[in-house]
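Notes follow the structure.
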Amino acid sequence: MIAIVLLCLSITQNPDTDEARLFGEWRWINVSGGFLGITKTAEETGIRRRVVFSKDHVASFYTTTASGDSLTFRNTFFIQPEITFLSANPKPVLIIQGMNKKQIIVWSGLDTLTLRENSPDGRLFQYVRIK
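For what it's worth, the working numbering labels the leading residue of the sequence shown as 173, then goes sequentially.
Here it is, written out as structure tokens:
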């Protein structure tokens, strides 16, 4: 009987969609996957990128060059639980308006964020929190 109750509770629980955990500034460190499964790091490409998720639900993407920061994309975002290609159980998915792919949120500790495109040949973008 207890096992049935625990099973029912685990099925109805929502995944971690705590947006407050996402708020802040994140530095891009690598991208991997895609159709060819290639990995590229910030060091290899010489490109420095960062993203800021604000409390007013705006995602701002920047590229840094010798002449300074350049805003490359900005739009609103939200997180919602969705069934993904990885699991029949809902996972937190980041949806940024104007981007054509939803991204599955995967946390590694408190300071590492992986955004995985929600498709079998999708890319994984890894970020670390800027303190």
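Glycine residues also receive a C-beta, built at the ideal position from the N, C-alpha and C atoms.
As the structure is a prediction and not an experimental result, all values here were calculated from the model.
Status (buried if at least 16 other CB within 10 Å, exposed otherwise) for residue i
i: Phe297; result: buried
i: Asn290; result: buried
i: Ser182; result: Confidence at Ser182 is low in this model, with a pLDDT of 38, below 50, so its placement is unreliable and no value can be given for it.
i: Leu243; result: exposed
Span separating the alpha-carbon of residue i from that of residue j
i: Ser137; j: Phe249; result: Given that the chain is displayed from residue 173 to residue 303, the structure contains no residue 137 and the question cannot be resolved.
i: Arg222; j: Phe233; result: 6 Å
i: Thr236; j: Ile302; result: 14 Å
i: Ala238; j: Pro264; result: 36 Å
i: Trp198; j: Gln275; result: 16 Å
i: Gly218; j: Gly209; result: 20 Å
i: Ser280; j: Arg220; result: 21 Å
i: Thr247; j: Met271; result: Checking the sequence, you will find Asn at residue 247 rather than Thr. Whole-angstrom Cα-Cα distance: 9 Å.
i: Phe207; j: Arg295; result: 8 Å
i: Ser259; j: Pro253; result: 12 Å
i: Glu215; j: Ile255; result: 34 Å
i: Thr211; j: Lys273; result: 19 Å
Supposed close pair residue i, residue j - CB separation, criterion 8 Å
i: Leu266; j: Leu282; result: Not quite, the Cβ-Cβ distance comes to about 17 Å (not below 8 Å), so this is no contact.
i: Ile148; j: Ile268; result: Within the shown structure, residues of the chain are numbered from 173 to 303, placing residue 148 beyond reach of any answer.
i: Ser292; j: Phe257; result: In the sequence on display, residue 292 carries Pro and not Ser. Their Cβ separation, rounded to whole angstroms, is 6 Å, which keeps Pro292 and Phe257 in contact under 8 Å.
Cβ shell of residue i (< 6 Å), same chain only, five flanking positions each side left out
i: Thr213; result: Asn202
i: Phe225; result: Leu194, Phe195 and Ala231
i: Lys227; result: Phe195
i: Ala192; result: none
Proximity test, Cβ basis, 7 Å: residue i and chain D
i: Arg193; result: Going by chain labels, chain D is absent from the structure shown, which holds only one protein chain.
Same chain, Cβ closer than 7 Å to residue i, five either side skipped, listed in chain order
i: Asp241; result: Tyr234
8 Å CB neighbourhood of residue i in its chain, flanking five on each side removed
i: Leu285; result: Leu194, Trp198, Ile277, Val278, Trp279, Gln298, Tyr299, Val300 and Arg301
Could you pull out every unbroken alpha helix (DSSP H) segment of at least 4 residues lying fully inside the segment 244-273, listed in chain order?
none
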